[in-house]
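In my numbering, the protein residues as written are 16 to 506. Let me begin by presenting the structure, written as structure tokens, before commenting on it.
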């Protein structure tokens with residue numbers, strides 16, 4: 016297989032786009048700004064879905080589904096919400112087409128205009144809270160813990176596969192609670208679930224933190240996020256959890272009778288991750304040869320390639336592979352035996368490197384004689400020969416080792432690319448020459464935050480939750496600051 020990827024160092028953006036397409040993850044569609052997620056890419060997303068769905072259900076959440084269309088009037092109920100999403104909304108104005116009078120094609124039937132325009136959901140708070148009004152009457156109906164797997168539309172002018180598309184897939188949780196404390200506990204619980212998923216499944220280290228007012232979700236009281244660092248030194252917001260207070264309950268008049276028989280507004284949260292996680296997975300780990308997938312999310316964990324010259328040799332190899340596959344499968348390992356006669360072994364090796372398959376096995380007639388098999392790991396490209404007997408145990412251990420190695424490499428990269436800046440000049444120099452996460456003091460004002468963003472294109476990714484308080488002075492204004500925040504250029 017010829018070289019198919021651009022170099023990360025020479026053109027990171029082109030490398031990313033090449034990899035998404037050449038590895039068979041996704042491609043651009045005939046609809047501007049929208050993508051087709053191909054089977055291999057969707058298989059990874061399905062694994063993500065499966066794990067997260069179980070984590071949600073284990074913490075008491077249930078799945079439901081709400082309409083794709085939202086009446087325009089609903090968005091205007093919550094002022095900050097409509098202001099935040101107004102410029103991204105796709106609007107349905109008519110409900111029928113007709114044949115063109117010219118006889119060429121079809122056109123919109125102007126007599127079929129909707130009485131009220133419908134918005135294709137950019138997010139579902141409004142339609143869901145309008146529904147919750149009918150579901151919640153008393154404290155006995157709370158908490159209400161609902162999640163939805165769906166697609167959303169946010170009209171984007173500049174798109175990039177998985178990272179920013181007009182339509183994308185996600186999950187969105189929407190919960191209702193009797194008290195502020197319960198809603199805050201839910202908000203932080205979900206943030207922790209996202210962080211654990213990123214670490215334990217994506218092998219991606221993240222920092223949990225609070226968003227600034229400028230970066231807060233439209234209509235939220237507080238927004239919390241997990242932030243990851245990509246290999247080009249840019250940050251990627253990888254999940255958000257919002258404490259909505261009583262804003263949407265008041266907008267849609269969702270009240271309940273408390274235990275004392277008094278009427279109160281409920282407290283709310285919303286939270287979500289999307290197919291943007293696919294972009295994070297690619298950019299956090301992969302190299303110039305292709306994807307490097309954490310074994311726990313790899314659709315194929317082990318690929319087996321036979322090496323032979325004669326048909327009789329293939330029959331003997333296949334019999335042994337069937338035995339190996341049976342043992343691997345019994346250990347919960349997904350296996351693909353590639354006995355296609357349309358491609359040579361070298362081509363197959365390159366393909367599985369490109370697709371990020373964690374472990375590749377190669378076996379030929381000499382291996383059968385010696386009772387051995389060649390094993391190559393994708394993360395380090397190391398090759399070793401092992402006895403076939405007990406290979407399933409070695410592979411099971413190795414998959415865990417690869418998962419940990421990938422995580423450790425990403426963590427080491429983040430630590431090596433996290434810097435401190437004490438003056439604005441030092442900050443600007445690091446943004447321009449270093450990239451990465453930059454820890455600096457900020458005076459807490461939106462004006463200073465906007466000035467920094469305008470002049471450097473770096474934004475405050477979050478105010479870290481776990482960092483130690485450190486008194487200091489804002490690098491721009493010299494005003495007091497109680498802790499450093501994380502700045503970075505971001506996707």
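The C-beta atom is built at its ideal place from N, Cα and C for all residues, glycine as well.
- Item | Close-in-space but distant-in-sequence residues of the same chain around residue 348 (CB under 8 angstroms, 5 per side omitted) | Locating residue 348 in the chain shown gives position 333, where the first residue counts as 1. So the qualifying residues of the chain are 316, 317, 407, 410, 411, 414.
- Item | Cβ neighbour criterion (16 or more within 10 Å) applied to residue 17 | By 1-based counting over the chain shown, the position of residue 17 is 2. Low confidence applies to residue 17: its pLDDT is 49, below 50, so where it sits in the model is not reliable enough to give any reading.
- Item | Pairwise C-alpha distance: residue 449 and residue 78 | Looking up residue 78 in the chain shown gives position 63. Looking up residue 449 in the chain shown gives position 434. Near 43 angstroms, if we compare the C-alpha coordinates of residue 449 and residue 78.
- Exposed or buried, which one is residue 382 when buried takes at least 16 other CB atoms within 10 Å? On the chain shown, position 367 is the one that residue 382 refers to. Buried, since its Cβ has 16 or more Cβ neighbours within 10 Å.
- Residue from 310, 244, 282, 23 with nearest C-alpha to residue 261: Indexing the chain shown from 1 puts residue 261 at position 246. It is 282.
- Looking at C-alpha atoms only, which residue of 57, 433, 97 is the closest neighbour of residue 234? In the chain shown, residue 234 corresponds to position 219, counting from 1. Measuring from the Cα of residue 234, the nearest candidate turns out to be 97.
- Return helix, strand or coil for residue 373, following the three-state DSSP convention. Residue 373 sits at position 358 when you count from the first residue of the chain shown. Residue 373 falls in the coil class under three-state DSSP.
- Would you grab the beta carbon distance between residue 258 and residue 230 for me? Rounded to a whole angstrom, and I think it's under 8 angstroms. In the chain shown, residue 258 corresponds to position 243, counting from 1. In the chain shown, residue 230 corresponds to position 215, counting from 1. So it is not a contact: roughly 14 angstroms between Cβ atoms.
- Message: Spatial neighbours of residue 99 within its chain, please: C-beta separation below 6 angstroms, excluding the five flanking residues on both sides.
- Response: Within the chain shown, residue 99 is the residue found at index 84, counting from 1. Cβ within range, chain order: 233.
- Query: Looking at the structure shown, is residue 496 part of a helix, part of a strand, or coil, going by DSSP?
  - Reply: Taking the chain shown and counting its residues from 1, the one referred to as residue 496 is at position 481. DSSP places residue 496 in strand when its eight states are reduced to three.
- Query: Is residue 319 closer than 8 angstroms to residue 352 when the C-beta atoms are compared?
  - Reply: In the chain shown, counting from the first residue as 1, residue 352 sits at position 337. In the chain shown, counting from the first residue as 1, residue 319 sits at position 304. Yes, Cβ-Cβ distance for residue 352 and residue 319 is below 8 angstroms.
- Can we say the region 187-199 touches the region 270-287, given the rule of at least three CB pairs closer than 8 angstroms? yes
- Item | Secondary structure, beta strand (DSSP E): runs of 3+ residues fully inside the region 214-300 | 222-225, 237-244, 250-260, 270-272, 278-280, 282-289
- Closest to residue 239 by CA distance: which of 228, 248, 249, 194 is it? In the chain shown, residue 239 corresponds to position 224, counting from 1. Minimum Cα distance to residue 239 is reached at 228.
- What three-state label does DSSP hand residue 362 in the structure shown? Walking along the chain shown from the start, residue 362 turns up at place 347. Looking at residue 362 - three-state DSSP - the assignment turns out to be helix.
- Query: In this structure, does DSSP put residue 109 in helix, strand or coil?
  - Reply: What you label residue 109 is simply residue 94 of the chain shown in a count that begins at 1. In the structure shown, residue 109 sits in a strand (DSSP, three-state: E or B).
- Coarse secondary structure for residue 317, derived from DSSP in three states: Taking the chain shown and counting its residues from 1, the one referred to as residue 317 is at position 302. In the structure shown, residue 317 sits in a strand (DSSP, three-state: E or B).
- Between the C-alpha atoms of residue 209 and residue 112, what's the straight-line distance to the nearest angstrom? Your numbering for residue 209 matches position 194 in the chain shown. Your numbering for residue 112 matches position 97 in the chain shown. Taking the straight line from one Cα to the other gives about 44 angstroms.
- Taking the alpha helix (DSSP H) that residue 409 falls in, what are its first and last residues? Working through the chain shown from its first residue, we reach residue 409 at position 394. Start and end: 406-431.
- How big is the Cα-Cα spacing for residue 452 and residue 425? Counting from one through the chain shown, the residue named residue 452 turns up at place 437. Counting from one through the chain shown, the residue named residue 425 turns up at place 410. If you take the alpha carbons of residue 452 and residue 425, they lie about 14 angstroms apart.
- Element boundaries [beta strand (DSSP E), containing residue 513]: Residue 513 is absent from the model: the chain starts at 16 and stops at 506.
- Which stretch, first to last residue, makes up the alpha helix (DSSP H) that contains residue 87? Within the chain shown, residue 87 is the residue found at index 72, counting from 1. Residues 87-90.
- Straight-line Cα distance separating residue 288 from residue 474: Residue numbering aside, residue 474 sits at position 459 when the chain shown is read from its first letter. Residue numbering aside, residue 288 sits at position 273 when the chain shown is read from its first letter. Going by the C-alpha atoms only, they are around 21 angstroms apart.
- Task: Since I believe residue 503 is in contact with residue 250 (beta carbons under 8 angstroms), could you give me their beta-carbon distance rounded to a whole number of angstroms?
- Result: Indexing the chain shown from 1 puts residue 250 at position 235. Indexing the chain shown from 1 puts residue 503 at position 488. 4 angstroms between Cβ atoms; contact.
- Query: Looking at the structure shown, is residue 402 part of a helix, part of a strand, or coil, going by DSSP?
  - Reply: Here residue 402 corresponds to residue number 387 of the chain shown, with the count starting at 1. In this structure, residue 402 counts as strand in the three-state DSSP scheme.
- Message: Assuming the contact rule is C-beta atoms closer than 8 angstroms, residue 467 and residue 491 should be a hit. Round their C-beta distance to whole Å, please.
- Response: Counted from its first residue, the chain shown places residue 467 at position 452. Counted from its first residue, the chain shown places residue 491 at position 476. Right, the Cβ-Cβ distance comes to about 6 angstroms (below 8 angstroms), so this counts as a contact.
- Query: Fully enclosed by the region 161-208, which beta strand (DSSP E) runs are 3 residues long or longer?
  - Reply: 182-192
- Task: Could you spell out where the alpha helix (DSSP H) holding residue 446 opens and where it closes?
- Result: For the purposes of this step, residue 446 is taken as residue 431 along the chain shown, with counting starting at 1. Residue 446 -> alpha helix (DSSP H) spans 439-448.
- Message: Using CA atoms only, rank isn't needed, just tell me which of 178, 498, 325, 484 is closest to residue 49.
- Response: Counted from its first residue, the chain shown places residue 49 at position 34. It is 178.
- Query: Taking DSSP as the reference, what is the three-state secondary structure of residue 133?
  - Reply: Numbered from its first residue, the chain shown carries residue 133 at position 118. Residue 133 falls in the strand class under three-state DSSP.
- Query: Who pairs with residue 302 in a beta bridge, going by DSSP?
  - Reply: Position 287 of the chain shown, counted from the first residue, corresponds to residue 302. DSSP, once it has assigned bridges, lists 305 as partnering residue 302.
- Would you please state the rounded distance, in angstroms, between the beta carbons of residue 150 and residue 165? I believe it to be under 8 angstroms. As a working mapping, residue 150 is identified with position 135 in the chain shown. As a working mapping, residue 165 is identified with position 150 in the chain shown. Not quite, the Cβ-Cβ distance comes to about 19 angstroms (not below 8 angstroms), so this is no contact.
- Between 172, 431, 42, which lies nearest to residue 105 when the distance is taken from Cα to Cα? As a first step, residue 105 is located in the chain shown; it is residue number 90 there, counting from the start. It is 172 whose Cα lies nearest to the Cα of residue 105.
- Task: May I have the straight-line CA-CA distance separating residue 199 from residue 263, to the nearest angstrom?
- Result: As a position in the chain shown, residue 199 is number 184, starting the count at 1. As a position in the chain shown, residue 263 is number 248, starting the count at 1. The alpha-carbon atoms of residue 199 and residue 263 are separated by roughly 15 angstroms.
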